[in-house]
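Trainee: Start counting the sequence shown at 172; every next residue gets the next number (the working numbering).
Each residue gets a CB set at the ideal place from its N, CA and C atoms; glycine is no exception.
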Amino acid sequence: MLDHLHRIARRLIRVRALLLGLVTLGAITAGVGLLAFEGRTGDDILMPGLMLLLWAVTGLIFIDIFAHVPCPPEPDWHPWRRRLRTLWRGLHWLLLAGFLVLSLMAADVSLHIADAWLVERAK
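1. Determine the direct distance from the alpha carbon of V280 to that of M172, and round the result to whole angstroms.
2. How far does the alpha helix (DSSP H) with M218 in it extend, from its first residue to its last?
3. Could you tell me whether the segment 224-237 touches the segment 269-283, where touching means 3 or more Cβ pairs closer than 8 angstroms?
4. Looking at C-beta atoms only, is the number of pairs between the segment 198-213 and the segment 234-254 that lie closer than 8 angstroms three or more?
5. Please state if the CB of L176 and the CB of L267 are separated by a distance shorter than 8 angstroms.
6. Measure the Cβ-Cβ separation of I234 and A180 and say whether it is below 8 angstroms.
7. From what residue to what residue does the alpha helix (DSSP H) around V194 run?
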């Protein structure tokens, strides 16, 4: 599973610059919506800007974590080197669990933002 995520992240490295641009765009859009407008008038650009920022950062985190997953230890390696490599891969499994929790939280926050935005637009 880690090797599969590693291959996906390595393919997505080319998209990293685009994601950095989207993070910047989302931050600028959210900042303008928050600071340039009074009350609810800025929500039309604040909410989509926040969602863009949230998902672009999540994509960057995925690429940064899984682009450099160590290979499994070889049986002919020294026992300490095998243990260290196993621990390093185990850390990536913990990072995977944390990333899954982060992604679920991002989806939940996105649903709440979209719901609030649609309710405000319907008024």
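Mentor: Let's see:
1. Start at 1 with the first residue of the sequence shown, and residue 172 comes out as number 1. Start at 1 with the first residue of the sequence shown, and residue 280 comes out as number 109. Approximately 27 angstroms between the Cα atoms of the pair.
2. Within the sequence shown, residue 218 is the residue found at index 47, counting from 1. Residues 214-237.
3. With a cut-off of 8 angstroms, the segment 269-283 and the segment 224-237 count as touching, because enough Cβ pairs lie within range.
4. Not touching, per the Cβ criterion.
5. Translated into the one-based positions of the sequence shown, residue 267 becomes position 96. Translated into the one-based positions of the sequence shown, residue 176 becomes position 5. At a Cβ-Cβ threshold of 8 angstroms, L267 and L176 count as neighbours.
6. Start at 1 with the first residue of the sequence shown, and residue 234 comes out as number 63. Start at 1 with the first residue of the sequence shown, and residue 180 comes out as number 9. Taking C-beta atoms as the reference points, I234 and A180 count as a pair closer than 8 angstroms.
7. The residue you call residue 194 lines up with position 23 of the sequence shown. It spans 187-206 - the alpha helix (DSSP H) in which V194 sits, taken as one unbroken run.
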